[in-house]
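Residue numbers (my numbering): 41 to 632.
The structure appears below as structure tokens.
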């Protein structure tokens, strides 16, 4: 494991950054002991080390943690479907807005422009969330989404409608999935902007701050599973709702849904920003050093007490809550939309600075490109299926002869995939971390997360080729090949997303906000560009060759992931000097 080289690299950081001890530097590398050194070698160490403060989000009871996870996932689902599922309502919009003199391209912009605003919002809200807290930014988004739905239902014309949908798009958090492409049969080749797959960074950050390292794969896979099932169902039934109550009342339905989510969020979702010492990310006992800031939710003196009182904690031996030193927050204070009074805008500036640095790291860049490409291929499939008359031609026409009313169910295979995601990607991923740590003397290496990429990459490459072949030769394959390959690439993307995010979160625990914003924001923009270029690519190469090319790049990225598994630790040690600075040790702000 190159322990001598590792030690020298850590000492190098110590010399380059005054005040950074070797132990603190190691905490920032992600190479940490996650199995207890006590008699019970199977006892998992809690990373980050929880404090004895009842207000620590890591100290929430498990029932509340999962309640928060469900509420956050529902918020993402509602925001996503009210933006993207409106594509299924294009036929309803056309009737009203053609009479208003609007072109078809303008009508399609009711879908594409709000979708782009969903991706761009990451680069706006994340610096603010790191500066003032997660809860106020999140609650503001739920209120904005609720008001946007109400306004959209009352719209009086195209311009008003577009404006309210841009507001909705900015308020909505798009989850890490591309499952919800609407069944739009009206789009022509020149109209294809289609939908991007941007995903939010705030919700995963809040989940990451509420769960321990050994639970990350499970919670992120749960988020993807929950959103995949609920969102797909909501998208499928949107046209039925609109035909029954009218498309304006469709917004009223979502106003009711988002209103319930807004109230539940106000009552149940806490502030997850919390100050911790750098040693907490290594499971080490605290020292008298100044705290490593992760929020402004507690004062400097309280944070200092946290550092001094921190003890190695495990699943069976965690510190008891201290209600004498840390009083539990009163009910009214816990309901405060902005529970922290410490606002530090330098943290917002810090995330911008860190993103500009970290995007140049080879491992971060590879994960961004892999996430973007896998997502882009899945969106390209949805574009081919929904936007180019593909299902209308392939499934409705011979040899398949599907009735038109059933074509919207073609994406239902992704619901089945969602059922498989939690056990295969989440539970097994976390168990693999514990198993490999046990074999490695109790030490966890972030590269272990990349082991779960192998099978999804193989499935993704095979399904991309199969999709192109099935589309090009419908008389030679069963219609199930189209549905299976579409769902297979979706599975590959979600698995790659969970593995990539957990790897980077483990590798750079002190830069979680920067990592999430980079991956979630960039992959949406890059995949949008891939989708935009789909039509000229398939026109020039044909669908079989085009998807063969997509599959080839997926395979190459998979090989890159294997190389990262082999050499990623050395790369992390080299980049360590750029992610540990004096702000992590001194009493200065830093962004996550």
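Glycine included, every Cβ here is placed at the ideal spot set by N, Cα and C.
For residue i and residue j, which I take to be in contact (beta-carbon distance under 8 Å), what is that distance rounded to the nearest angstrom?
i: residue 294; j: residue 118; result: 6 Å
i: residue 157; j: residue 203; result: Not quite, the Cβ-Cβ distance comes to about 11 Å (not below 8 Å), so this is no contact.
i: residue 308; j: residue 108; result: 6 Å
i: residue 170; j: residue 482; result: That pair is no contact at about 32 Å.
i: residue 478; j: residue 543; result: About 19 Å; that fails the 8 Å criterion.
i: residue 212; j: residue 201; result: About 16 Å separates the two Cβ atoms, so there is no contact after all.
i: residue 604; j: residue 418; result: About 22 Å separates the two Cβ atoms, so there is no contact after all.
i: residue 133; j: residue 150; result: 6 Å
i: residue 563; j: residue 411; result: 4 Å
i: residue 539; j: residue 493; result: 5 Å
i: residue 574; j: residue 420; result: 5 Å
i: residue 503; j: residue 525; result: 4 Å
i: residue 129; j: residue 282; result: 5 Å
i: residue 565; j: residue 159; result: 6 Å
Let me know if residue i comes out buried or exposed under the rule of 16 or more other beta-carbons within 10 Å of its beta-carbon.
i: residue 258; result: buried
i: residue 345; result: Because the pLDDT of residue 345 is 46, which lies under 50, any placement of that residue in the model is unreliable, and the number read from its coordinates should be weighed accordingly. Its Cβ being crowded by 16 or more others within 10 Å, residue 345 is buried.
i: residue 485; result: buried
i: residue 182; result: buried
i: residue 93; result: buried
i: residue 609; result: buried
i: residue 470; result: buried
i: residue 123; result: buried
i: residue 197; result: exposed
i: residue 189; result: buried
i: residue 385; result: exposed
i: residue 334; result: Since pLDDT at residue 334 reaches only 42, below the 50 mark, its modelled position is unreliable, and no value is offered.
i: residue 475; result: exposed
i: residue 580; result: exposed
i: residue 613; result: buried
i: residue 527; result: buried
i: residue 162; result: buried
i: residue 415; result: buried
i: residue 606; result: exposed
i: residue 413; result: buried
i: residue 116; result: buried
i: residue 497; result: buried
i: residue 296; result: exposed
i: residue 583; result: buried
i: residue 168; result: buried
i: residue 599; result: exposed
i: residue 518; result: exposed
Considering residue i, what are the terminal residues of the alpha helix (DSSP H) in which it resides?
i: residue 548; result: Unbroken run through residue 548: none, as it is neither H nor E.
i: residue 289; result: 287 to 308
i: residue 100; result: Where residue 100 is concerned, there is no enclosing alpha helix (DSSP H), given that its DSSP letter is neither H nor E.
i: residue 146; result: 144 to 160
i: residue 459; result: 453 to 461
i: residue 470; result: 468 to 479
i: residue 575; result: 574 to 581
i: residue 509; result: 494 to 512
i: residue 251; result: Premise fails: residue 251 is in no alpha helix (DSSP H) and is neither H nor E.
i: residue 139; result: 130 to 139
Between the alpha carbons of residue i and residue j, how many angstroms are there, rounded?
i: residue 263; j: residue 148; result: 29 Å
i: residue 136; j: residue 145; result: 14 Å
i: residue 301; j: residue 126; result: 20 Å
i: residue 242; j: residue 104; result: 19 Å
i: residue 306; j: residue 285; result: 30 Å
i: residue 236; j: residue 568; result: With a pLDDT of 33 at residue 236, under the threshold of 50, the predicted position of this residue should be treated as unreliable, and no value is reported.
i: residue 455; j: residue 466; result: 16 Å
i: residue 364; j: residue 374; result: 18 Å
i: residue 359; j: residue 96; result: 12 Å
i: residue 511; j: residue 187; result: 42 Å
i: residue 289; j: residue 194; result: 9 Å
i: residue 311; j: residue 514; result: 53 Å
i: residue 480; j: residue 254; result: 16 Å
i: residue 111; j: residue 464; result: 23 Å
i: residue 226; j: residue 131; result: Bear in mind that a pLDDT of 38 at residue 226, under 50, signals an unreliable position, so the model cannot answer this.
i: residue 267; j: residue 458; result: 9 Å
i: residue 69; j: residue 441; result: 56 Å
i: residue 595; j: residue 587; result: 12 Å
Could one say the Cβ of residue i lies closer than 7 Å to chain C's Cβ atoms, at least one of them?
i: residue 517; result: No chain C appears in the structure shown, which is made up of a single protein chain.
Where in the region 361 to 430 do unbroken runs of the alpha helix (DSSP H), each at least 4 residues long, occur, reported from the N-terminal end onward? 371 to 374, 385 to 398, 402 to 426
In chain order, which alpha helix (DSSP H) runs of at least 4 residues are fully inside the region 180 to 216? 198 to 211
Can you list, in chain order, the stretches of the alpha helix (DSSP H) that have 4 or more residues and sit fully within the region 577 to 619? 583 to 619
Starting from the N-terminal side, write out each stretch of the beta strand (DSSP E) that is 3 residues or longer and does not extend beyond the region 510 to 543. none
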